[in-house]
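Asks: Per our numbering, the sequence shown runs over residues 1 to 400.
The beta-carbon is built from N, C-alpha and C at its ideal position, and this holds for glycine as well.
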Amino acid sequence: MTQRIAVLGATGSIGDSTLAILATQLQDHEVYALSGYQRLDKLFALCQQFEPQRVCVPMIAVDDFAKRLSDAGLRIDVVGGAAGLIDIATDSQTDTLVAAIVGAAGLSSTLAAARAGKRILLANKEALVMAGQVLIKAVKTHHATLLPIDSEHNAIFQCLPSAIQQDNTQIHNPSHGVRKLWLTASGGPFLNQSFEQMQQAGVAEAIKHPNWSMGQKISVDSATMMNKGLELIEACHLFDLPEDKINVVIHPQSIIHSMVEYSDGSFLAQLGSPDMKTPIAHALSYPARINSGSQPLDLYALSNLTFIKPDLQKFACLKLARQAMQAGAQATIVLNAANEMAVAAFLAGQVRLTDIADINEQALSQSQAPLLGADADIEDILALDASARRYTNAIIANIV
Ligand code: NDP
Ligand code: MG
């Protein structure tokens with residue numbers, strides 16, 4: 001049966017990879033809806049190429065965009081803003097949501113899709129960092145399906161038995177023998193540079209990732225290794241494990257995308273070229289397989305695969321993420337909000353790359369938020385996110 005897909009965040013890097021696959025797989029999939037935010041010329045070109053039924057743009061751009069589409073002879077329903085994203089995510093015609101918006105802006109539509117029982121292909125890791133327990137609970141209560149497309153989590157998912165893929169609490173069943181998860185990290189562009197060199201780095205150097213081509217925010221997160229910290233929290237929620245069951249190992253070649261360690265001493269790994277089309281294609285067609293269009297690995301050309309323990313002094317963000325996960329959701333919300341603000345300040349040239357960890361640490365230590373659990377409502381989460389952004393602004397203002 002044809003799957004109708006909504007790609008929220010269609011104009012970004014994950015959007016590009018998803019639509020590149022869908023362009024060749026349109027016999028089984030229909031691009032039902034798209035969204036964009038600032039790159040509206042690109043969104044317009046995607047509308048011409050895929051002719052979706054619906055599109056979401058910022059509220060302020062709805063009228064102009066609708067006119068532009070109708071002038072081009074395209075009959076597409078245009079909706080706007082956060083409400084428009086939720087409308088598309090919960091639309092009875094939407095079968096699958098590709099959650100590819102960056103940052104906290106992706107949370108509400110992802111949660112709404114879970115509550116509407118949709119199949120969700122999750123790239124937006126910040127949704128799990130902010131509301132992991134709430135999102136996982138909504139997925140279970142409303143019989144939604146959550147498939148990770150973050151490459152590490154997709155790799156782990158592929159290395160787990162199907163009983164755990166269907167029900168993550170099965171990970172605790174001793175007969176499956178899962179001992180630990182191993183998240184691999186590339187180490188980013190500063191792996192072989194000193195802290196002082198990292199301190200002096202400009203934006204262009206920080207976003208020049210050695211192996212992956214990605215959006216700006218996640219590229220900066222990779223440079224500070226906050227990305228691995230966010231992924232650690234993401235993995236705890238997706239696979240129902242405490243943080244001390246998840247190890248991080250630097251693997252600079254980005255060929256092994258993550259591993260599961262079993263009690264008999266086996267390590268199962270998923271390997272592939274560093275290309276997001278592979279995990280996205282896996283999730284799009286799961287449990288079947290389709291051609292993703294990524295380059296197959298040339299094993300003869302791989303001379304060595306190496307593994308390094310991360311330096312937590314240099315990459316303090318990784319340590320902060322573990323501490324926040326231990327403390328609870330109120331801390332992971334604050335960490336995520338502070339980090340989004342700190343990264344934006346770095347991209348705007350206001351603070352140094354190495355200030356990001358300090359800003360995040362100060363924000364966490366200033367937080368006096370009460371414990372938040374699986375019954376927290378989205379308003380409480382968004383209110384805490386907003387207040388953390390306010391005091392992080394003050395922390396940043398003290399630095400600049
Ligand atoms: P990009 O910056 O390339 O794209 C982000 C998308 O979100 C764009 O479509 C952008 O619209 C849209 N967007 C940004 N802000 C808003 C907002 N306030 N409201 C609505 N839409 C908004 O990011 P990536 O594609 O790299 O990353 C997307 C998500 O996937 C992130 O959470 C990231 O961590 C995760 N991820 C990415 C990977 C990658 O390889 N890129 C790998 C694994 C996970 P516009 O461009 O039109 O402004
Ligand atoms: Mg990843």
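Can you list, in chain order, the residues of its chain with a C-beta nearer than 6 angstroms to that of E126? Leave out the 5 residues immediately preceding and following it.
Replies: The sequence position of residue 126 within the sequence shown is 126, counting from 1. The residues are G103, A104 and N336.
Asks: Would you mind working out which of P161, A288, A72 and D16 sits nearest S35, comparing C-alpha positions?
Replies: Position 35 of the sequence shown holds residue 35. Considering only alpha carbons, the answer is D16.
Asks: I'd like the list of long-range same chain contacts for C56, defined as Cβ closer than 6 angstroms, with 5 residues on each side in sequence excluded.
Replies: Position 56 of the sequence shown, counted from the first residue, corresponds to residue 56. Hits under 6 angstroms: S35, V79, G84, L85 and I88.
Asks: Could you tell me how far apart the beta carbons of I356 and A374 are, in whole angstroms, since I believe they sit closer than 8 angstroms?
Replies: Against the sequence shown, residue 356 aligns to sequence position 356. Against the sequence shown, residue 374 aligns to sequence position 374. Wrong, their Cβ atoms sit about 30 angstroms apart, outside the cutoff.
Asks: Please classify A185: is it buried, with 16 or more other beta-carbons within 10 angstroms of its beta-carbon, or exposed?
Replies: If you number the sequence shown from 1, residue 185 lands on position 185. Buried, since its Cβ has 16 or more Cβ neighbours within 10 Å.
Asks: Could you tell me how far apart the beta carbons of V98 and V7 are, in whole angstroms, since I believe they sit closer than 8 angstroms?
Replies: Translated into the one-based positions of the sequence shown, residue 98 becomes position 98. Translated into the one-based positions of the sequence shown, residue 7 becomes position 7. That pair is a contact at about 4 angstroms.
Asks: Is the shortest distance between the beta-carbon of Q270 and the beta-carbons of chain B less than 8 angstroms?
Replies: Among the chains in the structure shown there is no chain B, since it carries only a single protein chain.
Asks: Using CA atoms only, rank isn't needed, just tell me which of A369, I255 and E243 is closest to A301.
Replies: Sequence index remark: in the sequence shown, residue 301 carries index 301 (1-based). Nearest of A369, I255 and E243 to A301, Cα basis: I255.
Asks: Check whether the Cβ atoms of L371 and D380 lie closer than 8 angstroms to each other.
Replies: Taking the first residue of the sequence shown as 1, we reach residue 371 at position 371. Taking the first residue of the sequence shown as 1, we reach residue 380 at position 380. No. Outside cutoff.
Asks: Looking only at its chain, what residues have a beta carbon closer than 7 angstroms to the beta carbon of G177, apart from the 5 residues adjacent to it on each side?
Replies: Within the sequence shown, residue 177 is the residue found at index 177, counting from 1. Result list for G177: Y262, S263 and D264, in chain order.
Asks: Given a cut-off of 8 angstroms on the beta-carbon distance, is the pair A281 and I14 in contact?
Replies: Against the sequence shown, residue 281 aligns to sequence position 281. Against the sequence shown, residue 14 aligns to sequence position 14. No.
Asks: Sorted by chain position, which residues of the same chain lie with C-beta nearer than 6 angstroms to R39's C-beta, five sequence neighbours on each side aside?
Replies: Walking along the sequence shown from the start, residue 39 turns up at place 39. Closer than 6 angstroms at the Cβ level, and outside the excluded window around R39, lie T11.
Asks: Would you tell me roughly how many angstroms separate the C-alpha atoms of V248 and D91, rounded to the nearest one?
Replies: Sequence index remark: in the sequence shown, residue 248 carries index 248 (1-based). Sequence index remark: in the sequence shown, residue 91 carries index 91 (1-based). Going from the Cα of V248 to the Cα of D91 covers about 38 angstroms.
Asks: Leaving aside the five residues before and after G149 along the sequence, list all residues of the same chain whose C-beta is less than 6 angstroms from its C-beta, in chain order.
Replies: What you label residue 149 is simply residue 149 of the sequence shown in a count that begins at 1. Note that residue 149 is Ile in the sequence shown, not Gly. Correct list, in chain order: L121, A123, P279, I280 and A283.
Asks: How would you call I308, buried or exposed, if buried means at least 16 neighbouring beta carbons within 10 angstroms?
Replies: As a position in the sequence shown, residue 308 is number 308, starting the count at 1. I308 is exposed by the Cβ-count criterion.
Asks: Quick one: Cα of Q362 to Cα of Q350, how far?
Replies: Counting from 1 along the sequence shown, the entry for residue 362 is found at position 362. Counting from 1 along the sequence shown, the entry for residue 350 is found at position 350. If you take the alpha carbons of Q362 and Q350, they lie about 17 angstroms apart.
Asks: Exposed or buried, L26, counting other C-beta atoms within 10 Å across all chains shown (16 or more means buried)?
Replies: What you label residue 26 is simply residue 26 of the sequence shown in a count that begins at 1. Exposed.
Asks: Let me check one thing: in DSSP terms, what residues is H29 bridge-paired to?
Replies: In the sequence shown, residue 29 corresponds to position 29, counting from 1. BP columns for H29 point to Q3.
Asks: Hey, out of P287, G188, N154 and A394, whose CA is closest to D311's CA?
Replies: Residue mapping note: residue 311 aligns to position 311 of the sequence shown, counting from 1. When P287, G188, N154 and A394 are compared, the shortest CA-CA separation from D311 is found for G188.
Asks: Assuming the contact rule is C-beta atoms closer than 8 angstroms, A345 and I396 should be a hit. Round their C-beta distance to whole Å, please.
Replies: Locating residue 345 in the sequence shown gives position 345, counting from the first residue. Locating residue 396 in the sequence shown gives position 396, counting from the first residue. With a Cβ gap of about 5 angstroms, A345 and I396 count as contacting.
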